[in-house]
Each structure stands twice: as structure tokens, then as C-alpha cells.
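Below: one structure, written as C-alpha cells.
And the structure:
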């Protein structure tokens, strides 16, 4: 399963590990993802989503229904 946020589309970035001697080796910066269940009152059911922690803050601010609606309009959610 890919490490992509289902609401924001955040995914891993590529960068470098840099040693004290300035040697550079490739590494990945993964998104901070959590699997979370949300209750959607409009559909009267529970939805399990893999979301980033920044998306959790967005859900707390605007609500799960608005967040799902926004994700669908941006094409992140079916």
C-alpha cells in the first residue's frame, strides 16, 4: 500500500542524508500518516482513511464532510 494521504495527496519526498564530511546519500522523507476512522453523519456510517497529521488538523477545523468534499473535488478521493 502506498504512503499517500487520501485527503491531501501528500506523499514521500526524496532528499539527501548529509554526513559531517558532506557525503550525500539518497533518502526518503515519508509523510506522517495515520489510519483513522471517522463518522460521517450525512452518510450515517464510519469511514477509515489513511490521512496525514496535517489533514487531521484540517478535519478538526472544517469537519470531515467538508474535507471529503474538498478531496473529491481535487481528485484525491473517489
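In the UniProt record's numbering, the protein residues as written are 1 to 78.
Even glycine gets a Cβ: it sits at the ideal position worked out from N, Cα and C.
Per DSSP, the bridge partner or partners of residue i
| i | result |
| --- | --- |
| residue 28 | 14 |
| residue 78 | Answer by DSSP bridge pairing: none, since residue 78 is not bridged. |
| residue 45 | 40 |
Cβ neighbour criterion (16 or more within 10 Å) applied to residue i
| i | result |
| --- | --- |
| residue 6 | buried |
| residue 52 | buried |
| residue 66 | exposed |
Contact under 8 Å by Cβ, residue i with residue j
| i | j | result |
| --- | --- | --- |
| residue 16 | residue 27 | yes |
| residue 12 | residue 30 | yes |
| residue 40 | residue 64 | yes |
Rounded C-alpha distance that separates residue i from residue j
| i | j | result |
| --- | --- | --- |
| residue 50 | residue 8 | 10 Å |
| residue 44 | residue 60 | 19 Å |
| residue 38 | residue 23 | 44 Å |
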